[in-house]
Amino acid sequence: MHSLKYVLFVAAVCLVLGGGNQASAMDAGEVLLAVDRNLAPVSYESYRKLINIEPDGSKREYVLYTIKKGQDMVASVFLEPSSDKGRGTLRLGDNMWLHIPSVAKPVRITSLQSVTGGIFNNADIMRLDYSAEYTPESLEESGDAYLLRLKAKTNEVAYDRLEMLVAKDRLVPTEIKCLAASGMLIKTLHFKKMTDFGDGFARPAIVETDSPLHKGYLSVMIFAAMKARDFSDEVFTLNYLPRIETLRQ
Amino acid sequence: MTKAGTWLGPFFCLALILAASASALAQDEPLYDADFDIPAADEQHFEFWGQAEFRMYERLLNRDSAVYAQRFYNSRQDELQADMLLQIKPELSVKYETFGFYARPRADVGWSQLPLSAASEPDEPSERYFKDDKHWAGEVMLEEGVAAWRPDPRFTLEAGKKVLKWGKGYAWNPVSFASRPKDVDDPDQTREGYVMGVADAIFSFDGPLQTLAFTPVVVPVWERANTGLASDESVLYGGKLYLLLSDVDVDVMAMAGDHYDTSLGFDFAANITDNFAIHGETAVRLGHEKTVFHDDGTRSVHTYDAWSFLLGARYLTEDETTYLLEYYHNGEGYTASQLETYYDYVHTAYDTYQTTGNAADLNKSKKVSSEYNRSSVGQDYLYFRVSQKEPFDILYLNTTATVIMNLGDRSLSLNPEASYMLTSDIELRPRLILPLGSSDTEFGNKLNAARGELRCVYYF
Numbered sequence: 077m078h079s080l081k082y083v084l085f086v087a088a089v090c091l092v093l094g095g096g097n098q099a100s101a102m103d104a105g106e107v108l109l110a111v112d113r114n115l116a117p118v119s120y121e122s123y124r125k126l127i128n129i130e131p132d133g134s135k136r137e138y139v140l141y142t143i144k145k146g147q148d149m150v151a152s153v154f155l156e157p158s159s160d161k162g163r164g165t166l167r168l169g170d171n172m173w174l175h176i177p178s179v180a181k182p183v184r185i186t187s188l189q190s191v192t193g194g195i196f197n198n199a200d201i202m203r204l205d206y207s208a209e210y211t212p213e214s215l216e217e218s219g220d221a222y223l224l225r226l227k228a229k230t231n232e233v234a235y236d237r238l239e240m241l242v243a244k245d246r247l248v249p250t251e252i253k254c255l256a257a258s259g260m261l262i263k264t265l266h267f268k269k270m271t272d273f274g275d276g277f278a279r280p281a282i283v284e285t286d287s288p289l290h291k292g293y294l295s296v297m298i299f300a301a302m303k304a305r306d307f308s309d310e311v312f313t314l315n316y317l318p319r320i321e322t323l324r325q
Numbered sequence: 024m025t026k027a028g029t030w031l032g033p034f035f036c037l038a039l040i041l042a043a044s045a046s047a048l049a050q051d052e053p054l055y056d057a058d059f060d061i062p063a064a065d066e067q068h069f070e071f072w073g074q075a076e077f078r079m080y081e082r083l084l085n086r087d088s089a090v091y092a093q094r095f096y097n098s099r100q101d102e103l104q105a106d107m108l109l110q111i112k113p114e115l116s117v118k119y120e121t122f123g124f125y126a127r128p129r130a131d132v133g134w135s136q137l138p139l140s141a142a143s144e145p146d147e148p149s150e151r152y153f154k155d156d157k158h159w160a161g162e163v164m165l166e167e168g169v170a171a172w173r174p175d176p177r178f179t180l181e182a183g184k185k186v187l188k189w190g191k192g193y194a195w196n197p198v199s200f201a202s203r204p205k206d207v208d209d210p211d212q213t214r215e216g217y218v219m220g221v222a223d224a225i226f227s228f229d230g231p232l233q234t235l236a237f238t239p240v241v242v243p244v245w246e247r248a249n250t251g252l253a254s255d256e257s258v259l260y261g262g263k264l265y266l267l268l269s270d271v272d273v274d275v276m277a278m279a280g281d282h283y284d285t286s287l288g289f290d291f292a293a294n295i296t297d298n299f300a301i302h303g304e305t306a307v308r309l310g311h312e313k314t315v316f317h318d319d320g321t322r323s324v325h326t327y328d329a330w331s332f333l334l335g336a337r338y339l340t341e342d343e344t345t346y347l348l349e350y351y352h353n354g355e356g357y358t359a360s361q362l363e364t365y366y367d368y369v370h371t372a373y374d375t376y377q378t379t380g381n382a383a384d385l386n387k388s389k390k391v392s393s394e395y396n397r398s399s400v401g402q403d404y405l406y407f408r409v410s411q412k413e414p415f416d417i418l419y420l421n422t423t424a425t426v427i428m429n430l431g432d433r434s435l436s437l438n439p440e441a442s443y444m445l446t447s448d449i450e451l452r453p454r455l456i457l458p459l460g461s462s463d464t465e466f467g468n469k470l471n472a473a474r475g476e477l478r479c480v481y482y483f
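As they're listed, the protein sequences go chains A and B.
Just add 76 to the spot in the first sequence (first one is 1) and you have this note's numbering.
Just add 23 to the spot in the second sequence (first one is 1) and you have this note's numbering.
Below, the structure is given as structure tokens:
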């Protein structure tokens, strides 16, 4: 992990000092891998606040605790508001389950569904590494940024194509357009407020999402206390899902 | 309580709505606050939350039903009846190192315009709290209260009153051997647990078998706890083996003990495509005893191995419409002709009472009413539910229509409902339940010809 960070750091320095010629030395796959690692450690825990803002300015807020391990294991639990408290989701690759405390066993859900209402769907909340779900198709340079075009590896992914604008200096996305197979724009993610989370890890703390399908609505995801943490595989199981909140320290 | 009492409900809801509106109007701030406090997660932490719910019912009685004839044969009731319920359900959780405790007590206060009596049998499980006073009823109970020891993510030991959630079915769970049955009209409602000890051991692997989990259970039955789960005092032993095998959830479960019918079960769930999932479960209860009522007013007990199964599918469209379909074969239930025999007997007995004043035959039928009047009493059912998330782009609104059909007699219950989160703390849930069927069918003999209800839920 530390060696990868060092490589990325050197690459970033080369990019800043060397300009476009050095930048073009990275291919699309390398940029995508760097983006993934710069957005989150391989295994981590974090807190997120989701805010749905309606055209009239009224808003709803949700707080989640999220853990992730490796390429394909993610679990989240709602901490606030109390109407959603304890609602947990688990993702193992393409499999997703939802646990509602009052209801019987966790039920299988799909990436298209929304657990909060608003623009966010399960795929946004339970996102895996981009490189786990998408294949890079092309990389273009555009001023201080790369334009990375990605294609979904399978039909199970919520968005068929992504157009990712990546800042050359830090190799983090500034904007991602999510497109349907038809090419229709479904939503746009705007990455903001570069924040140091400690231990040398920095990433945008805010992701604003708007959609032409929901004009006037804005969904915001704010990250806090994101830090590397290792978990045993058994934590990412249906049996453990109702107990995810007990992992908070 | 007088008729005036029925105004309390609407006033209560109106007050909640006004309070929420005032809160919304008071918002005059930046678009959003980028900072937020992380809810406390100290080593020794205590959490308290829960919900308070006010329900108002308006019901139109089916005065031609068997239930009405048995309960009110000598005291005719008005056709239109009102009910109210205030329910408070706090939840508290304590965590200290590897130990934890969770409790969910429940307090109910209900008023029913319809006279209540201890002798009357409930028409639906959700009405079981009405049992003491003529019009008022109250109850304080512990739905769940569990102490847990979690020395490792792979192992958990729990003891206390717990709801064991076995099975993949949404409306019914034939494999849920040590749990109270769901209210088929309201399967998402929390339930009361049984006192038990439960262990949970989880193992993860690479390869087709991703997860293996074993959950052994010990359930004591004695005069003060778990009565009704076995026919006499005993200790029940059971367990569940869970496998995530090639992306398919599989469970195998068993339960046995003295004075208890040994039961075996199996369930599965899998996603066929991204938006289409299937599930199923099957259970056999060995040596099940069923009381059968005959057309001459006599009863007999049949002993057999009762086999039940459920098959279900769920499909989600791009517009977030969810279709849920379940077929349930209840091996412990009654055939359409057995139910028809019972209903015909009750109706004839009621006619006899009206002409002669003799209620002997009605009293004979009452002796099996706890079996014959319960929910999902038939053998074959279809459950069809359509949910539309945020119709007409109205955020936080969900609309649902449910049909529950007894395939044996083709009677059904039609339940349209809506759920709207007025604020993040207040939810409104209007609902209508319309049982439809002729006089010799299950749903044609429900106490209510129609029931409308409005729930106001406040989350704290």
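Cβ atoms here follow ideal geometry from the backbone N, Cα and C, with glycine treated the same way.
Does the Cβ of residue i have 16 or more other Cβ atoms within 10 Å, making it buried, or fewer, making it exposed?
{"i": "Q402 of chain B", "result": "buried"}
{"i": "H302 of chain B", "result": "buried"}
{"i": "P231 of chain B", "result": "exposed"}
{"i": "S98 of chain B", "result": "exposed"}
{"i": "W245 of chain B", "result": "exposed"}
{"i": "Y395 of chain B", "result": "buried"}
{"i": "L255 of chain A", "result": "buried"}
{"i": "K263 of chain B", "result": "buried"}
{"i": "S506 of chain B", "result": "With chain B represented from 24 up to 483, any question about residue 506 of chain B goes unanswered, as that position is not in the structure."}
{"i": "A329 of chain B", "result": "buried"}
{"i": "R13 of chain B", "result": "Residue 13 of chain B lies beyond the residue range present for chain B, which begins at 24 and ends at 483; the question has no answer from this structure."}
{"i": "R247 of chain B", "result": "exposed"}
{"i": "E209 of chain A", "result": "buried"}
{"i": "A281 of chain B", "result": "It is Asp, not Ala, that sits at residue 281 of chain B in the sequence shown. Under this definition D281 of chain B is an exposed residue."}
{"i": "M330 of chain A", "result": "One cannot answer for residue 330 of chain A here, as it falls past the ends of chain A, which runs 77 to 325."}
{"i": "E150 of chain B", "result": "Any answer about E150 of chain B is weak, because its pLDDT of 48 lies below 50 and its placement is not dependable; what the coordinates show is given next. Buried is the call here."}
{"i": "V324 of chain B", "result": "exposed"}
{"i": "L103 of chain B", "result": "exposed"}
{"i": "F332 of chain B", "result": "buried"}
{"i": "S556 of chain B", "result": "Because chain B is modelled from 24 through 483, residue 556 of chain B falls outside the range shown and cannot be assessed."}
{"i": "F466 of chain B", "result": "buried"}
Under the assumption that residue i contacts residue j (Cβ atoms under 8 Å), give the Cβ distance between them as a whole number of angstroms.
{"i": "Y217 of chain B", "j": "L252 of chain B", "result": "6 Å"}
{"i": "Y265 of chain B", "j": "D274 of chain B", "result": "5 Å"}
{"i": "G164 of chain A", "j": "D148 of chain A", "result": "Incorrect: roughly 17 Å between the Cβ atoms, too far for contact."}
{"i": "V207 of chain B", "j": "S398 of chain B", "result": "6 Å"}
{"i": "Y55 of chain B", "j": "I127 of chain A", "result": "5 Å"}
{"i": "I262 of chain A", "j": "L289 of chain A", "result": "7 Å"}
{"i": "F299 of chain B", "j": "Y338 of chain B", "result": "5 Å"}
{"i": "E304 of chain B", "j": "N381 of chain B", "result": "Not quite, the Cβ-Cβ distance comes to about 46 Å (not below 8 Å), so this is no contact."}
{"i": "G146 of chain A", "j": "V153 of chain A", "result": "Not confirmed; about 19 Å, so no contact."}
Is the beta carbon of residue i less than 8 Å from the beta carbon of residue j?
{"i": "T464 of chain B", "j": "V391 of chain B", "result": "no"}
{"i": "Y366 of chain B", "j": "N468 of chain B", "result": "yes"}
{"i": "S388 of chain B", "j": "Q93 of chain B", "result": "yes"}
{"i": "D2 of chain B", "j": "E162 of chain B", "result": "Nothing can be reported for residue 2 of chain B: it is not among the residues displayed for chain B, which extend from 24 to 483."}
{"i": "D286 of chain A", "j": "K303 of chain A", "result": "no"}
{"i": "L223 of chain A", "j": "E239 of chain A", "result": "yes"}
{"i": "L187 of chain B", "j": "S202 of chain B", "result": "yes"}
{"i": "S327 of chain A", "j": "Y125 of chain B", "result": "Chain A is shown from 77 up to 325; residue 327 of chain A falls before or after that span and cannot be answered."}
{"i": "F178 of chain B", "j": "A236 of chain B", "result": "no"}
{"i": "S119 of chain A", "j": "R319 of chain A", "result": "no"}
{"i": "A277 of chain B", "j": "S286 of chain B", "result": "yes"}
{"i": "D106 of chain B", "j": "Q136 of chain B", "result": "yes"}
{"i": "S214 of chain A", "j": "A104 of chain A", "result": "yes"}
{"i": "I185 of chain A", "j": "A57 of chain B", "result": "no"}
{"i": "Y346 of chain B", "j": "Y406 of chain B", "result": "no"}
{"i": "L226 of chain A", "j": "T211 of chain A", "result": "yes"}
Next item on the list: Mind listing, in chain order, the continuous beta strand (DSSP E) runs of no fewer than 3 residues lying wholly within the stretch 268-333 of chain B?
Entry: Listed in chain order, the beta strand (DSSP E) runs fully inside the stretch 268-333 of chain B are 271-280, 286-296, 299-316, counting runs of at least 3 residues.
Next item on the list: Note down, one range per segment and in chain order, each alpha helix (DSSP H) of at least 4 residues found wholly within the stretch 370-432 of chain B.
Entry: Segments of the alpha helix (DSSP H) lying fully in the stretch 370-432 of chain B: 383-389, 392-395.
Notebook entry, point to check: Taking one C-beta from the stretch 301-320 of chain A and one from the stretch 220-229 of chain B each time, how about it: are there three or more such pairs within less than 8 Å?
Noted result: Result yes; three or more Cβ-Cβ pairs closer than 8 Å.
Next item on the list: Ignoring anything shorter than 3 residues or poking outside the stretch 261-304 of chain A, list the beta strand (DSSP E) runs there in chain order.
Entry: Within the stretch 261-304 of chain A, the complete beta strand (DSSP E) segments of 3 residues or longer fall at 261-274, 277-286, 294-304, listed in chain order.
Item checked: Sequence ranges, beta strand (DSSP E) only - wholly within the stretch 122-173 of chain A, length at least 3 -> 135-145, 149-156, 164-168, all fully within the stretch 122-173 of chain A.
Item checked: Continuous alpha helix (DSSP H) assignments of at least 4 residues falling wholly in the stretch 161-218 of chain B -> Here no run is fully enclosed.
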